[in-house]
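Take the sequence shown: its letters are residues 18 to 767, numbered as in our numbering. Ideal Cβ placement from N, Cα and C applies to all residues, glycine included.
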Amino acid sequence: MRYLVFLSLFLLGACPLFAQVTSTASGDSGSGYPALISSGFQIEDPDCVHTDFGPHVTQQYDAELDRNVFVFHSHIEEDNDRCQVFDRVRMEIKGSANTIPELRHGLGTTSWYRWKFRLDENFIGASSFTHLFQNKVVGGADSGFPVLTITARADRVELKHDGGDTGADLGSVARAPIEEFRGRWVEVYMRQVHGENGELEMNIKDMQTGRTIMEYQNDDIDLWRTGATLSRPKFGVYRSKNSVLRDEQVLFANFCVSESAESFCPGEAIVQPDTEAPSAPSGLTVTGTSFTTIDLEWEASTDDFGVTAYQLFQDDALVATVTGLDTTVANLASGTSFDFYVRAIDAAGNASAISNTVTAATDDVNALPGVATNPTPADGATEVNPRFGLAWTAGNNTDEFEVFLGTTTDPPSIGTQTGGSAQPELTESTTYYWRVDATNSNGTTSSPLWSFTTGSSNADFPWDVFRGNARPEVETSFWSLNTAPAAAPVDEVVADPSMPSNNFYGFRSTENDNFKWRYDLSAQDTTVTIVARIRGVRADVSSLMHIEVRMAGVRQKVRINKSNVKLERSSPAVDRDVPFNWNDDFHLVRIVVENKFMSVYLDEEDAPFLTASTAEGTDRAYVEFGKSGGADYGSMVDWFIVQRGVAQAPGEGAALPADLLLGDFVNTFSPALQSALQLFPNPANESFTLLTPPGAHRVRIFSADGRVASPLLTVSERGQVDVSKLTKGLYFVLVRSAEGSVARMKLIKQ
């Protein structure tokens with residue numbers, strides 16, 4: 018630790034106090050320590066062990082910023098944490114009780130930070146932690162973990178919150194892909210009100226374009242710890258050692274800290290506007306036509322700062338702007354040809370060159386309807402649940418369907434309809450034949466004749482339930498074994514010690530062998546809800562299971578570990594630490610999938626724990642759980658249930674089967690409270706009115722991915738809730754009565 022003797026005089030009042038602390042590199046070479054120390058920072062460095070390298074902060078000229086900057090050096094092998102801890106590497110500057118007042122914040126004070134940093138083009142983040150910023154308290158028994166961190170992980174940079182021993186951990190509250198930081202100068206702005214009911218505002222912008230990469234705001238967040246005497250910032254590189262990491266040089270510039278006002282740490286104008294256009298989209302193709310529509314899709318463009326939209330042109334006129342890679346052009350004239358091309362737009366408004374041009378024609382006005390395809394149940398299927406219905410994919414130009422169903426190869430008609438599904442009464446252990454005739458004003462097109470055989474009825478309908486009384490493929494007819502180790506370390510049924518009538522099924526894979534079960538979905542399925550009660554199979558297991566869903570042309574995958582949950586096929590992949598150890602007890606996980614969107618709920622909490630979407634395609638349709646690749650996985654499964662055709666959050670839709678154990682961690686959802694709530698207007702702009710039953714109710718708003726978006730409020734029968742500071746989007750309003758009953762309502766913020 019280094020600091021100059023005159024600093025103590027400064028602290029004693031020999032020098033006047035400043036409204037802010039700033040630190041800027043003083044030269045284009047040499048050590049950066051003198052400039053940092055003279056600004057008031059203390060230094061935590063690995064020079065004690067890596068003596069032959071010299072100072073681990075140097076200075077250099079940066080042409081992009083046109084100024085001198087600091088270079089923080091971090092060596093993964095030679096360095097450690099100040100010769101005190103040896104499984105990690107630290108090179109940080111900080112405030113403390115011995116630094117100037119602007120770098121140590123008392124309870125209730127407001128601080129403003131602004132600084133710049135740049136990660137190398139090939140920077141590698143650690144899967145555990147690589148802190149680039151920390152805010153930590155000093156004093157008390159609860160000062161070990163930082164309150165806030167900005168951390169670079171393998172695939173993202175995230176802002177993370179830790180509430181300490183007594184506060185609520187919000188976890189990862191904001192994140193962005195690490196590609197948006199590599200090779201780019203970014204400027205960070207942060208405002209904090211340091212307290213247990215504190216405030217936090219954070220924004221990171223790209224210095225080339227001025228585009229916001231990551232932002233977060235919370236007006237009621239725990240930023241203090243019991244017994245703390247002060248809070249202070251730490252800037253630099255602090256990371257765990259790992260063989261996959263490399264030596265890094267992270268550039269920092271223009272540190273500024275103030276307790277007076279934001280204006281003392283002003284932001285800087287962008288360095289260089291983005292003038293480079295995205296690459297041209299390619300592979301524009303026609304995927305479908307009808308009397309009045311044409312379906313198109315194309316391959317993605319690339320851009321230095323990201324494509325924000327695609328513009329579709331029809332006969333040289335702009336007709337649609339979309340964010341995805343496909344669209345349907347509607348309201349076209351029948352039997353007519355059109356020319357189409359597409360171009361990409363980035364955040365700065367730069368437009369790419371146009372794609373290839375395709376010519377497509379709508380169907381002739383005299384065309385017959387397209388044939389119905391993709392039957393559910395599949396042709397030849399057996400053991401079909403009699404309570405499941407029929408479904409199919411409609412062909413184009415269809416006005417209505419006539420469904421034929423019976424026990425002979427010439428089935429009778431059972432009705433005419435416009436939708437692509439039917440729910441006839443079926444008998445157990447019976448073979449049925451069926452077809453669908455599509456009709457329009459020009460005539461009829463018949464499907465092939467299909468067949469299926471029913472099995473026994475499902476008493477748990479609409480859920481398919483696996484209760485852990487045997488291996489899934491043995492206990493049920495709807496789970497099939499995909500693969501299993503030749504000699505599984507664990508493959509057993511265990512009696513529940515707390516309830517003798519209940520059993521758990523335990524499995525554990527080897528490092529090289531998979532253990533997987535599959536539940537088939539249909540080509541028509543676009544939604545599915547999965548709920549399971551699980552725990553780690555043994556105290557030493559690190560990973561419990563994956564749950565993969567392939568459906569509606571996209572692939573999603575949840576990986577559940579003892580300490581976190583990861584959506585690893587989302588774009589980008591996201592994860593979040595769980596507030597418990599999954600090896601300690603059973604917990605519920607609910608997975609709700611609707612097309613490309615997936616939400617994960619824990620212990621039937623009202624707000625999602627994780628939410629993301631995927632862009633990865635697939636031509637398969639199934640749910641799969643178990644393990645695929647990597648280290649060994651293992652779980653104890655109390656029960657695992659699936660419901661097709663619905664996307665239901667906790668408390669919505671069909672109740673869970675009554676015999677399933679939920680555990681002690683599950684909230685009590687109240688249908689009575691739910692039906693009594695009223696929220697208007699919805700969508701809301703500045704505020705909304707919430708009507709509740711008599712008595713005080715606690716209210717909090719969560720974002721769609723489970724982040725706290727409002728302070729804790731109290732409403733008695735009628736309350737006005739301010740949402741003017743919320744960004745546009747979907748939110749959940751959680752309402753809890755004094756007795757502990759909970760309900761929630763969806764809110765659209767305009």
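My output table needs one value for residue i: the three-state DSSP class, helix, strand or coil.
i: VAL205; result: strand
i: GLU9; result: This structure gives no information on residue 9, because the portion of the chain shown stretches from 18 to 767.
i: TYR650; result: coil
i: ALA675; result: coil
i: PRO688; result: helix
i: PHE269; result: strand
i: ILE371; result: coil
i: PRO386; result: coil
i: ILE195; result: helix
i: LEU247; result: strand
i: TYR20; result: A caution first: TYR20 carries a pLDDT of 34, below 50, which makes its placement in the model unreliable, though a value can still be read off. Correct three-state label for TYR20: coil.
i: PHE357; result: strand
i: SER48; result: strand
i: ALA337; result: strand
Rounded to the nearest angstrom, what separates residue i and residue j at their Cα positions?
i: ASP416; j: THR435; result: 7 Å
i: GLY156; j: SER248; result: 9 Å
i: GLN691; j: ALA671; result: 15 Å
i: THR456; j: THR546; result: 34 Å
i: HIS563; j: SER160; result: 35 Å
i: SER473; j: PRO394; result: 15 Å
i: GLU756; j: ALA713; result: 10 Å
i: TRP496; j: GLU565; result: 14 Å
i: ASN581; j: ASN702; result: 35 Å
i: PRO502; j: THR527; result: 7 Å
i: VAL606; j: THR75; result: 49 Å
i: ARG3; j: SER113; result: Since the displayed the chain opens at 18 and closes at 767, residue 3 lies outside it and no answer follows.
i: GLN2; j: SER91; result: Outside the shown range of the chain, which is 18 to 767, sits residue 2, and nothing can be said about it.
i: THR340; j: HIS178; result: 31 Å
i: THR166; j: THR376; result: 53 Å
i: SER464; j: LYS533; result: 35 Å
i: SER559; j: ARG593; result: 15 Å
i: ILE718; j: TYR748; result: 7 Å
i: PHE27; j: THR126; result: Confidence is the limiting factor: at PHE27 the pLDDT is only 32, short of 50, which leaves the residue's position unreliable, though a coordinate-based value still follows. Straight-line Cα distance between these residues: approximately 22 Å.
i: PHE198; j: THR226; result: 13 Å
i: ARG121; j: ALA42; result: 22 Å
i: PRO479; j: PHE524; result: 27 Å
i: TYR130; j: VAL205; result: 8 Å
i: THR487; j: TRP656; result: Strictly speaking, residue 487 in this sequence is Ala, with Thr absent from that position. So the two alpha carbons sit approximately 11 Å from each other.
i: ASN383; j: ARG586; result: 44 Å
Can you check whether the C-beta of residue i is within less than 8 Å of a C-beta belonging to chain B?
i: ARG135; result: Absent here is chain B; the protein component of the structure consists of one chain.
Going by Cα to Cα distance, which pick from the options is closest to residue i?
i: ARG360; options: PRO51, ALA326, ALA347 and ALA384; result: ALA326
i: THR461; options: ALA143, GLY387, ASP636 and PRO118; result: GLY387
i: ASN259; options: LEU605, PHE603 and VAL106; result: VAL106
i: VAL732; options: LEU694, MET568 and LEU747; result: LEU694
i: LYS785; options: ASN115, ALA294 and GLU109; result: Past the edges of the chain, shown from 18 to 767, lies residue 785, and the structure says nothing about it.
i: THR302; options: THR310, TRP315, ASP396 and ALA294; result: TRP315
i: PHE70; options: GLU94, THR166, ASP594 and GLU293; result: GLU94
i: PHE58; options: VAL274, ALA171 and ILE230; result: VAL274
i: GLN77; options: GLY47, GLU61, GLY736 and TYR522; result: GLY47
i: ASP236; options: GLU216, GLY253 and THR246; result: GLU216
i: PHE103; options: ALA169, LEU268 and PRO63; result: PRO63
i: LEU187; options: GLU175, ILE230 and VAL738; result: GLU175
i: THR304; options: VAL346, MET207, GLU138 and SER758; result: VAL346
i: THR184; options: ALA169, PHE162, ASP291 and ILE658; result: A quick correction: the sequence has Gly, not Thr, at residue 184. Closest option to GLY184, Cα to Cα, is PHE162.
i: ARG135; options: PRO625, PRO295 and GLU81; result: GLU81
I'd like to confirm the pairing. Which residues does DSSP put opposite residue i in its beta bridges?
i: LYS766; result: ALA701 and GLY746
i: PHE58; result: In DSSP, PHE58 forms no bridge with anything.
i: TRP451; result: LEU422 and TRP467
i: ILE311; result: THR306 and VAL346
i: GLU216; result: VAL210
i: PHE87; result: GLN76 and PHE269
i: GLN225; result: Its beta-bridge partners do not exist; DSSP assigns none.
i: GLY432; result: VAL420
Write down every uninterrupted run of the beta strand (DSSP E) in the region 475-546 whose length is 3 residues or greater and which is fully enclosed by it, in chain order.
-> Runs of the beta strand (DSSP E) inside the region 475-546: 481-483, 496-500, 507-512, 520-525 and 532-537.
What beta strand (DSSP E) runs, 3 residues minimum, are completely inside the region 111-188?
-> Here the runs fully enclosed are 127-135, 147-155, 165-169 and 173-178.
3 or more residues per run - each beta strand (DSSP E) lying fully within the region 398-426 = Within the region 398-426, the complete beta strand (DSSP E) segments of 3 residues or longer fall at 398-401, 407-410 and 417-423, listed in chain order.
At 3 residues or longer, and completely inside the region 575-661: list those beta strand (DSSP E) runs for me, N to C.
-> Here the runs fully enclosed are 581-584, 591-594, 604-611, 614-619, 627-630, 639-644 and 651-661.
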